[in-house]
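Report on the structure given below.
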Amino acid sequence: MQMSEKRIIFAKMLIMKNKKTILGVALLVLVILIGLQFNRCSHVIPTGKKVVVCIPVYGQSLALGEEAVRLTDFDELRDNYAGRILTQRMDYTFGYFDDIEWREQLKRMIHYQKRSFELSIYRMGECLAQQLGEDTLICIFPGGRGATQIGNLNKGTKSYAKFLNDIETACKSAKDRGWTLYVPAICWMQGETDMTDYPDYNYKQMLQQWRKDISKDIRAITHQTQDIRLICYQPNALTRADQFRENNYESHEVEVSQAFVELLSEDSLFCASGPTYPYDFVREAIHIDGYGQQAIGKLAAQSALGVIRNQAPFKGLIPLSVVSKEKDVQIVFNVPNPPLSFDTVQVSKPSCYGFSVVTPKGKNIALSVSMEDDIVTVHCSEPVVGCKVRYAVNGEKSKSGRLKGPRGNLCDSQHHWCYQFGKIVK
């Protein structure tokens, strides 16, 4: 056989191989498309006049459930509530988030769920479905980006734009079905990176501005009249910051935690879910586990339900005032469900149940703690004026969670846990 004939045969074989490859790819795509269509058609989406309450979660890795092994069964999430819990596409394709749109679409097409984690909004959605009528649907989805400061999640960033696009998708998808959609609130889960990276800006001001921007932009899409509230958890990862020392009088890390307390106390557009320290963290590091996500979701549902029903905003267990009494510090708390108590079972007991009083020279002078009604008194070894009283500002280096991380034992009868804080004593 001559060389030219061999080349012709080889070329024919190559063409046949390529045809088989192309045919295989085409068949694979066809199977995926058929599967997607079957998935859409095999589950009956509610019909008739409905109101869609859209409450997504936005932030960094905890908002996205990073490392939290998924506990929620998506089929049960759909079937147990008559299909009333939906994604932004008004369907049931949960678990396909990516911060880049085309990758998210690809994950959905090929049913890629290896990074489908437990999200707080799954439990929140269930709690809301149990409380709201059958004519109300609940739309939930995540947004944001892991390991990202608030300055890189605000208006003008890709994450913000994608989140807004998802809101627009939800609004259009609902409208196409003849439903009315509005956004009463957004769950905020962000702040760990701002504790550890020491950015040069005021976190409290940045978060207030983010809420103003997103409220304006979403209302332009939904045409709703009411402002959008933020339901805020609280990051507690102080000990992961390189410069953190629990007796430092000046502490940037505490400023981030305190920002949440001040916003809850001062601004009616901010509501509480809860801090993260009462829960287990994966490897005692940065991410709460699936059960912690569910606990935050249940708390978020309580705030969300109040917003939907136009009730006073839920403020959580936070300090209202701090008063000096010679060598004592008296702290008056907002207590959602009295009485106050110290729980040393769920959270291991640190010194003084998590309270400390730090002098300008960096000395902790707290000796003991007592409680009466909604007042906690910290008894100290020296006069307290000019000191800073703190709660849950402690813990082992780089540890997080209820056993070794920054923590405290103060909670109410329904286990609303006290937010981490640091306030000057006057």
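Here the sequence shown is numbered in numbering that gives the first Met the number 0, starting from 0 and rising by one per residue.
Glycine is no exception: its CB is placed at the ideal position from the N, C-alpha and C atoms.
Here the structure is a predicted model, which is why all the values come from computation and not from measurement.
Can you tell me whether Ala-128 sits near the ligand MN, meaning its C-beta is under 7 Å from at least one heavy atom of the ligand?
Absent from the structure shown: the ligand MN. Ligands present: none.
message: Could you tell me which whole alpha helix (DSSP H) segments of length 4 or greater appear in the region 135-220?
response: 157-175 and 191-195
ask   = Which residue comes first and which comes last in the beta strand (DSSP E) that contains Tyr-248?
value = By 1-based counting over the sequence shown, the position of residue 248 is 249. Premise fails: Tyr-248 is in no beta strand (DSSP E) and is neither H nor E.
(Q) Let me check understanding here. Comparing Cα to Cα, which of Asp-372, Leu-262, Pro-274 and Thr-224 lies closest to Gln-233? (A) Position 234 of the sequence shown, counted from the first residue, corresponds to residue 233. The option with the nearest alpha carbon to Gln-233 is Pro-274.
### Message
Using 8 Å as the threshold, is the C-beta distance between Thr-358 and Gln-329 below it?
### Response
For the purposes of this step, residue 358 is taken as residue 359 along the sequence shown, with counting starting at 1. For the purposes of this step, residue 329 is taken as residue 330 along the sequence shown, with counting starting at 1. Contact flag unset, no.
- For Gly-273, which of helix, strand or coil comes out of DSSP? The residue given as residue 273 occupies position 274 in the sequence shown. Strand.
Which class does Arg-77 belong to by DSSP, given the choice of helix, strand or coil?
Residue 77 sits at position 78 when you count from the first residue of the sequence shown. If DSSP states are grouped into helix, strand and coil, Arg-77 belongs with the helices.
Q: Go ahead and label Trp-101 buried or exposed: buried means 16 or more other beta carbons lie within 10 angstroms of its beta carbon, across all protein chains shown.
A: Counting from one through the sequence shown, the residue named residue 101 turns up at place 102. The residue is exposed, with fewer than 16 neighbouring Cβ atoms inside 10 Å.
Exercise for review: Might you give, ordered along the chain, the residues of its own chain that have their beta carbon closer than 8 Å to the beta carbon of Tyr-276, omitting 5 neighbours on each side?
Suggested key: Residue numbering aside, residue 276 sits at position 277 when the sequence shown is read from its first letter. Around Tyr-276: Asn-235, Val-346, Ala-391, Ser-399, Gly-400, Arg-401, Gly-404, Pro-405, Arg-406, Gly-407, Trp-416 and Gln-419.
I need the DSSP call for Cys-40, collapsed to helix, strand or coil. Here residue 40 is taken as the residue at index 41 of the sequence shown, counted from 1. Confidence in Cys-40 is poor, its pLDDT being 42 and thus under 50, which makes the residue's placement too unreliable to answer from.
Practice prompt. Whole angstroms is fine: what's the gap from Met-123's alpha carbon to Val-56's?
Written response: If you number the sequence shown from 1, residue 123 lands on position 124. If you number the sequence shown from 1, residue 56 lands on position 57. Distance between the alpha carbons of Met-123 and Val-56: 10 Å.
### Task
Sort out for me which residues DSSP pairs Asp-429 with in a bridge.
A query on residue 429 cannot be resolved here, the shown segment of the chain reaching from 0 to 425 and no further.
_So for Glu-261, helix, strand or coil by DSSP?_
Locating residue 261 in the sequence shown gives position 262, counting from the first residue. Note: Glu-261 maps to helix in three-state DSSP.
(Q) Looking at Gly-155: is its Cβ nearer than 8 Å to the Cβ of Tyr-200? (A) Reading the sequence shown from its first residue, position 156 is the one you call residue 155. Reading the sequence shown from its first residue, position 201 is the one you call residue 200. No, Cβ-Cβ distance for Gly-155 and Tyr-200 is not below 8 Å.
When the distance is taken between beta carbons, is Glu-117 closer than 8 Å to Gly-64?
-> Within the sequence shown, the letter at position 65 stands for residue 64. Within the sequence shown, the letter at position 118 stands for residue 117. Their beta carbons are under 8 Å apart, which means Gly-64 touches Glu-117 by this criterion.
### Query
Is the Cβ-Cβ distance between Phe-140 and Asp-165 less than 8 Å?
Within the sequence shown, residue 140 is the residue found at index 141, counting from 1. Within the sequence shown, residue 165 is the residue found at index 166, counting from 1. Contact: yes.
- Nearest candidate by alpha-carbon position, reference Arg-244, set Ile-84, Ser-397 and Ile-54: Position 245 of the sequence shown, counted from the first residue, corresponds to residue 244. Here the closest residue by C-alpha is Ser-397.
Quiz item: Would you report the Cα separation of Ile-374 and Tyr-111, rounded to the nearest angstrom?
Solution: Here residue 374 refers to the residue found at position 375 when the sequence shown is read from its first residue. Here residue 111 refers to the residue found at position 112 when the sequence shown is read from its first residue. Roughly 51 Å separates the two Cα atoms.
### Task
Look up Leu-409 in the DSSP assignment and say whether it is helix, strand or coil.
Here residue 409 refers to the residue found at position 410 of the sequence shown. Strand, per DSSP.
Exercise. From Lys-326 to Asp-134, what does the alpha carbon distance come to, in whole angstroms?
Worked result: Numbered from its first residue, the sequence shown carries residue 326 at position 327. Numbered from its first residue, the sequence shown carries residue 134 at position 135. The alpha-carbon atoms of Lys-326 and Asp-134 are separated by roughly 58 Å.
Q. Cys-170: which of Met-194, Arg-88 and Asp-97 sits nearest, CA to CA?
A. Against the sequence shown, residue 170 aligns to sequence position 171. For Cys-170, the nearest C-alpha among the options comes from Arg-88.
| message | Which residue marks the beginning of the beta strand (DSSP E) containing Val-368, and which one marks its end? | response | The count along the sequence shown starts at 1 and reaches residue 368 at position 369. First-last of the beta strand (DSSP E) with Val-368: 365-371.
Touching or not, the region 291-298 and the region 335-345, by the rule of three or more beta carbon pairs under 8 Å?
-> no
*Pro-337 versus Glu-261: straight-line alpha-carbon distance, rounded*: What you label residue 337 is simply residue 338 of the sequence shown in a count that begins at 1. What you label residue 261 is simply residue 262 of the sequence shown in a count that begins at 1. Looking at the two C-alpha atoms, the distance is approximately 22 Å.
Three-state secondary structure assigned by DSSP to Gly-34 = Within the sequence shown, residue 34 is the residue found at index 35, counting from 1. The predicted model places Gly-34 with a pLDDT of 49, which falls under 50 and marks its position as unreliable, so this point remains unresolved.
Find out if the Cβ-Cβ distance for the pair Leu-136, Ala-303 is shorter than 8 Å. Here residue 136 refers to the residue found at position 137 when the sequence shown is read from its first residue. Here residue 303 refers to the residue found at position 304 when the sequence shown is read from its first residue. Result no, Cβ atoms of Leu-136 and Ala-303 do not sit closer than 8 Å.
*asked:* If you measure between the beta carbons of Cys-53 and Ile-120, is that distance less than 8 Å?
replied: Along the sequence shown, one-based indexing puts residue 53 at 54. Along the sequence shown, one-based indexing puts residue 120 at 121. Not in contact: Cys-53 and Ile-120 (Cβ atoms no closer than 8 Å).
- Query: Is the region 202-214 touching the region 247-260, taking contact as three or more C-beta pairs under 8 Å?
  - Reply: yes
Cα separation between Val-322 and Val-384?
-> Numbered from 1 along the sequence shown, position 323 holds the residue referred to as residue 322. Numbered from 1 along the sequence shown, position 385 holds the residue referred to as residue 384. Going from the Cα of Val-322 to the Cα of Val-384 covers about 9 Å.
Inter-residue Cα distance where the pair is Lys-161 and Tyr-95: Against the sequence shown, residue 161 aligns to sequence position 162. Against the sequence shown, residue 95 aligns to sequence position 96. Going by the C-alpha atoms only, they are around 14 Å apart.
Requested in this report: Quick one: measure Cβ to Cβ for Asp-411 and Pro-335, integer angstroms, because I've assumed they're closer than 8 Å.
Outcome: On the sequence shown, residue 411 is found 412 positions in, with the first residue counted as 1. On the sequence shown, residue 335 is found 336 positions in, with the first residue counted as 1. Indeed they touch by this definition, with Cβ atoms about 6 Å apart.
Check: How many Å lie between Glu-125 and Gly-289 at the Cα?
Finding: Here the question's residue 125 lines up with position 126 in the sequence shown. Here the question's residue 289 lines up with position 290 in the sequence shown. About 15 Å.
| query | CB Val-388 to CB Val-424, shorter than 8 Å? | reply | Locating residue 388 in the sequence shown gives position 389, where the first residue counts as 1. Locating residue 424 in the sequence shown gives position 425, where the first residue counts as 1. Against a cut-off of 8 Å, the Cβ pair of Val-424 and Val-388 comes out as a contact.
Quiz item: Is Leu-163 near Asp-216, with beta carbons less than 8 Å apart?
Solution: Your numbering for residue 163 matches position 164 in the sequence shown. Your numbering for residue 216 matches position 217 in the sequence shown. Against a cut-off of 8 Å, the Cβ pair of Asp-216 and Leu-163 comes out as a contact.
Item to check | Cα-Cα separation between Met-194 and Gly-361, rounded to whole angstroms | outcome: Stepping through the sequence shown from its first residue, residue 194 is reached at position 195. Stepping through the sequence shown from its first residue, residue 361 is reached at position 362. Answer to the nearest angstrom: the Cα atoms are 20 Å apart.
- prompt: For the putative contact between Ile-227 and Ser-214, defined by C-beta atoms under 8 Å, what is the C-beta separation to the nearest angstrom?
  reply: Along the sequence shown, read from residue 1 onward, the residue named residue 227 stands at position 228. Along the sequence shown, read from residue 1 onward, the residue named residue 214 stands at position 215. Right, their Cβ atoms sit about 4 Å apart.
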